[in-house]
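Here it is in structure tokens:
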């Protein structure tokens with residue numbers, strides 16, 4: 002399969018169709034789940050899909066170790082290539098990783114303004130045109146609404162898309178009986194898309210909680226396979 006066909010057949014096209022086009026430039030999407038459920042895998046699949054489309058991605062990690070992030074990108078690329086029998090896979094691999102930058106920070110030692118400043122320096126001082134920024138490991142419990150407003154304004158000014166992971170505590174509550182995690186309610190108006198992950202047997206379901214200005218609470222026809230780390234359109 003050639004790259005153009007692979008992009009067209011990606012299950013992420015289902016996500017875009019289900020959510021009025023997905024996250025648009027100048028906006029923020031969030032994937033929320035408890036630790037270890039698959040947030041990072043989802044973000045990396047989304048990022049890899051954009052890389053296939055010749056977009057430029059910066060992956061910001063607060064994990065303390067970027068090696069496992071690099072490994073996940075390699076694993077997900079490999080799985081996509083095998084599943085779709087991608088022609089000239091290694092040639093395409095070498096082409097797209099040039100459009101990816103991974104940045105690592107320690108949560109307690111840097112502010113969101115400093116992180117944005119580092120990204121802005123890359124944008125202004127190089128030929129690297131940023132399209133998508135993945136933020137993995139931001140702590141919504143210790144963060145602030147001001148942080149997200151700053152990011153929202155940054156996204157608008159630089160015309161980029163942000164995707165965040167939100168790690169929920171084991172006893173995370175929901176807002177007023179809905180599926181909106183309580184910790185995210187104060188930020189909800191700043192998100193264009195909010196997806197929650199729900200484990201069910203051997204797969205993880207994706208639930209579209211917020212879609213632009215609409216609260217949906219809708220289970221998508223997409224699942225995350227924890228073995229391959231891929232989002233798929235196959236319901237099990």
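Residue numbers (my numbering): 2 to 237. Backbone N, C-alpha and C define an ideal beta-carbon position, used for all residues, glycine too.
Rounded C-alpha distance that separates residue i from residue j
| i | j | result |
| --- | --- | --- |
| residue 27 | residue 201 | 33 Å |
| residue 230 | residue 125 | 34 Å |
| residue 134 | residue 204 | 27 Å |
| residue 228 | residue 208 | 20 Å |
| residue 13 | residue 47 | 7 Å |
| residue 196 | residue 91 | 32 Å |
| residue 69 | residue 89 | 25 Å |
| residue 9 | residue 127 | 31 Å |
| residue 4 | residue 16 | 19 Å |
| residue 170 | residue 206 | 19 Å |
| residue 149 | residue 163 | 11 Å |
| residue 130 | residue 31 | 22 Å |
| residue 110 | residue 50 | 31 Å |
| residue 145 | residue 193 | 18 Å |
| residue 168 | residue 18 | 26 Å |
| residue 185 | residue 199 | 16 Å |
| residue 87 | residue 232 | 17 Å |
Own chain partners of residue i with C-beta closer than 6 Å, once the 5 adjacent residues on each side are dropped
| i | result |
| --- | --- |
| residue 64 | 138 |
| residue 189 | none |
| residue 85 | 2 and 7 |
| residue 73 | 45 |
| residue 219 | 209 |
| residue 237 | At residue 237, the pLDDT of 49 sits below 50, so the modelled position is not reliable and the matter cannot be decided from this model. |
| residue 105 | 62 and 67 |
Where residue i falls: helix, strand or coil (DSSP)
| i | result |
| --- | --- |
| residue 218 | strand |
| residue 181 | coil |
| residue 155 | helix |
| residue 223 | strand |
| residue 238 | Coverage of the chain is limited to positions 2 through 237, which leaves residue 238 absent and any answer about it impossible. |
| residue 1 | This structure cannot settle anything about residue 1, because the visible part of the chain is limited to 2 through 237. |
| residue 268 | The chain is shown only over 2 to 237; residue 268 falls outside these bounds and no answer can be derived. |
| residue 116 | helix |
| residue 145 | coil |
| residue 189 | helix |
| residue 237 | Residue confidence for residue 237 is low, a pLDDT of 49 falling below 50, so the modelled location carries little weight; the figure read from the coordinates is stated next. Three-state result, residue 237: coil. |
| residue 196 | strand |
| residue 72 | helix |
| residue 89 | coil |
| residue 82 | helix |
| residue 166 | strand |
| residue 111 | coil |
Own chain, CB closer than 8 Å to residue i, minus 5 neighbours either side, in chain order
| i | result |
| --- | --- |
| residue 21 | 212 and 213 |
| residue 24 | 30, 162, 163, 164, 193 and 194 |
Own chain partners of residue i with C-beta closer than 7 Å, once the 5 adjacent residues on each side are dropped
| i | result |
| --- | --- |
| residue 153 | 29 and 191 |
| residue 94 | 78 |
| residue 234 | 12, 15, 222 and 223 |
Assess contact between the stretch 153-167 and the stretch 67-81, defined as three or more Cβ pairs (one per stretch) separated by less than 8 Å. Is contact present? By the Cβ criterion, the stretch 153-167 is not in contact with the stretch 67-81, since fewer than three pairs of Cβ atoms, one from each stretch, lie closer than 8 Å.
Does the pairing of the stretch 108-127 with the stretch 33-48 give three or more beta-carbon distances under 8 Å? No: the two stretches stay apart, fewer than three of their Cβ pairs being nearer than 8 Å.
Determine, using beta-carbon pairs with one atom in the stretch 48-62 and one in the stretch 91-109, whether at least three such pairs fall under 8 Å. They touch, by the three-pair rule.
Ignoring anything shorter than 4 residues, give me the alpha helix (DSSP H) runs that lie fully in the stretch 8-68, in order along the chain. Qualifying alpha helix (DSSP H) stretches, in chain order: 13-19 and 40-53.
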